[in-house]
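Per UniProt numbering, residue 1 is the first one in the sequence shown, and the count goes up by one each step. Report on the following structure.
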Amino acid sequence: WGRKDAFPGADGSTTTQERTYQNATTIPIYGADGTTKLPEDGTGYRKISITTAGVLNGNTSKIYSIKFPLTFITSSSDWYTNNQNFQNDALWNDGSLAKSNYDPCPKGWITPPDGTWGDFSITTFLYYIQGKQITSGNNTCQNGRVYDNIAWYPAAGHRPCTGGLLAHVGYSGYYWSSTADIVDTGACRINFNMSTIDRLTKAPNRGQGFSIRCIQE
Numbered sequence: 001w002g003r004k005d006a007f008p009g010a011d012g013s014t015t016t017q018e019r020t021y022q023n024a025t026t027i028p029i030y031g032a033d034g035t036t037k038l039p040e041d042g043t044g045y046r047k048i049s050i051t052t053a054g055v056l057n058g059n060t061s062k063i064y065s066i067k068f069p070l071t072f073i074t075s076s077s078d079w080y081t082n083n084q085n086f087q088n089d090a091l092w093n094d095g096s097l098a099k100s101n102y103d104p105c106p107k108g109w110i111t112p113p114d115g116t117w118g119d120f121s122i123t124t125f126l127y128y129i130q131g132k133q134i135t136s137g138n139n140t141c142q143n144g145r146v147y148d149n150i151a152w153y154p155a156a157g158h159r160p161c162t163g164g165l166l167a168h169v170g171y172s173g174y175y176w177s178s179t180a181d182i183v184d185t186g187a188c189r190i191n192f193n194m195s196t197i198d199r200l201t202k203a204p205n206r207g208q209g210f211s212i213r214c215i216q217e
């Protein structure tokens, strides 16, 4: 929550049927020549602990995250800091419809505030497996939910804050809002799987790697 740059998602062809951590691998990232694959945990997507020397500058990792946009900063809570007193609730403007400089959405679009999904339910937000409206079957990269025949939400899984590996791809979807939860130091989100939809107002850890479903400004 609060990162400016998106992380690469799953290579759909690698998705397994395990509803556990690391059930898919990251899509290949290529160098400037367009053909050289950048190795994971090398020059491509990589993971590093917030406690590693050089990640924190003072009390935050903001500078490090800007210098290394493909690096997932692992932690037990917040990627931005390991001191609750230095959390930054304004990274995505904390639920405001004014776009912040750190918003990852393209021009004309914005990360949605909490409350956007207030009418999402089992009847308005249907689950599809490979184009069929059903609620049981294989985990595939084509799985997801459709809101009111308008908006598609892929079951893209997520990256847990403690490890940064892909998990639950093709089974669950996790989507951040722009709204911070200052009571429990987390942030607000929606998540779903084949049978349930969870619109709880908070996720405990801002360090989780969730998807963004941008809305128009």
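For glycine and all other residues, C-beta sits at the position ideal for the given N, C-alpha and C. Source: prediction; values computed, not measured.
Notebook entry, point to check: Taking C-beta to C-beta, are T74 and S49 nearer than 9 Å?
Noted result: As a first step, residue 74 must be located in the sequence shown, where it is residue number 74. As a first step, residue 49 must be located in the sequence shown, where it is residue number 49. Taking 9 Å as the Cβ cut-off, T74 and S49 qualify as a contacting pair.
Notebook entry, point to check: Alpha carbon to alpha carbon, what distance is there between N57 and G186?
Noted result: Taking the sequence shown and counting its residues from 1, the one referred to as residue 186 is at position 186. Taking the sequence shown and counting its residues from 1, the one referred to as residue 57 is at position 57. Their backbone Cα atoms lie some 22 Å apart in a straight line.
Next item on the list: Identify the continuous alpha helix (DSSP H) that holds residue 218 and give its terminal residues.
Entry: The requested residue 218 is not part of the displayed model; the chain covers only 1 to 217.
Check: Taking Cβ to Cβ, would you say residue 230 is nearer than 9 Å to W92?
Finding: Only positions 1 to 217 of the chain appear in this structure, which leaves residue 230 out of reach.
Check: Under the rule that 16 or more other beta-carbon atoms within 10 Å means buried, what is G54, buried or exposed?
Finding: By 1-based counting over the sequence shown, the position of residue 54 is 54. Exposed is the call here.
Checklist line | Alpha-carbon to alpha-carbon, K67 and Q130 | finding: Looking up residue 130 in the sequence shown gives position 130. Looking up residue 67 in the sequence shown gives position 67. When rounded, the distance between both Cα atoms is 38 Å.
Margin query: Suppose contacts are defined by Cβ-Cβ distances below 9 Å. Is T179 in contact with D94 by that definition?
Written below: Counting from 1 along the sequence shown, the entry for residue 179 is found at position 179. Counting from 1 along the sequence shown, the entry for residue 94 is found at position 94. It is a contact, given that the beta carbons lie within the stated cut-off.
Next item on the list: Could you tell me how far apart the beta carbons of G2 and A156 are, in whole angstroms, since I believe they sit closer than 8 Å?
Entry: One-based indexing of the sequence shown puts residue 2 at position 2. One-based indexing of the sequence shown puts residue 156 at position 156. With 8 Å as the limit, G2 and A156 do not qualify as a contact, their Cβ atoms being about 19 Å apart.
Note to self: To the nearest angstrom, how far is the alpha carbon of Q208 from that of H158?
What the structure shows: On the sequence shown, position 208 is the one that residue 208 refers to. On the sequence shown, position 158 is the one that residue 158 refers to. Going by the C-alpha atoms only, they are around 7 Å apart.
Check: Where do the N-terminal and C-terminal ends of the beta strand (DSSP E) with D181 fall, by residue?
Finding: As a working mapping, residue 181 is identified with position 181 in the sequence shown. Unbroken beta strand (DSSP E) run through D181: 173-181.
Notebook entry, point to check: What do you reckon, are the CB atoms on G170 and T140 nearer than 9 Å?
Noted result: Reading the sequence shown from its first residue, position 170 is the one you call residue 170. Reading the sequence shown from its first residue, position 140 is the one you call residue 140. In contact: G170 and T140 (Cβ atoms closer than 9 Å).
Check: Exposed or buried, what is L166 when buried is set at 16 or more other beta-carbons lying within 10 Å of its beta-carbon?
Finding: Within the sequence shown, residue 166 is the residue found at index 166, counting from 1. L166 should be labelled buried.
Notebook entry, point to check: CA-CA distance, Q84 and D33?
Noted result: The count along the sequence shown starts at 1 and reaches residue 84 at position 84. The count along the sequence shown starts at 1 and reaches residue 33 at position 33. The alpha-carbon atoms of Q84 and D33 are separated by roughly 42 Å.
Item checked: Assigned exposure category for T135 - 16 Cβ within 10 Å defines buried -> Within the sequence shown, the letter at position 135 stands for residue 135. So T135 ends up on the exposed side.
Next item on the list: Assign I190 to buried or exposed, taking buried as 16 or more other Cβ atoms, counted over all protein chains shown, within 10 Å of its Cβ.
Entry: To locate residue 190, count along the sequence shown from 1; it is residue 190. I190 is buried by the Cβ-count criterion.
Margin query: Using a Cβ-Cβ cutoff of less than 6 Å, which residues in the same chain neighbour A6 once the five nearest sequence positions on both sides are dropped?
Written below: Translated into positions along the sequence shown, residue 6 becomes position 6. Once the five neighbours on either side are set aside, the close Cβ partners of A6 are P104.
Next item on the list: For the beta strand (DSSP E) containing N191, list its first residue and its last residue.
Entry: What you label residue 191 is simply residue 191 of the sequence shown in a count that begins at 1. It spans 186-192 - the beta strand (DSSP E) in which N191 sits, taken as one unbroken run.
Checklist line | For Q216, the three-state DSSP class (helix, strand or coil) | finding: The residue labelled residue 216 in the question sits at position 216 within the sequence shown. Q216: strand per DSSP, three-state reduction.
Check: When DSSP builds the beta bridges, which residues end up paired with H168?
Finding: Locating residue 168 in the sequence shown gives position 168, where the first residue counts as 1. H168 pairs with nothing; no bridge assigned.
Notebook entry, point to check: Can you give the Cα-Cα distance for S13 and R19, rounded to whole angstroms?
Noted result: Sequence index remark: in the sequence shown, residue 13 carries index 13 (1-based). Sequence index remark: in the sequence shown, residue 19 carries index 19 (1-based). Looking at the two C-alpha atoms, the distance is approximately 16 Å.
Check: By how many angstroms is the C-alpha of G164 removed from the C-alpha of F23?
Finding: In the sequence shown, residue 23 corresponds to position 23, counting from 1. In the sequence shown, residue 164 corresponds to position 164, counting from 1. Sequence inspection shows Asn at residue 23; the Phe mentioned does not correspond to that position. Looking at the two C-alpha atoms, the distance is approximately 12 Å.
Next item on the list: Note down the Cα distance separating L38 from T123, rounded to an integer number of angstroms.
Entry: The residue given as residue 38 occupies position 38 in the sequence shown. The residue given as residue 123 occupies position 123 in the sequence shown. Approximately 43 Å between the Cα atoms of the pair.
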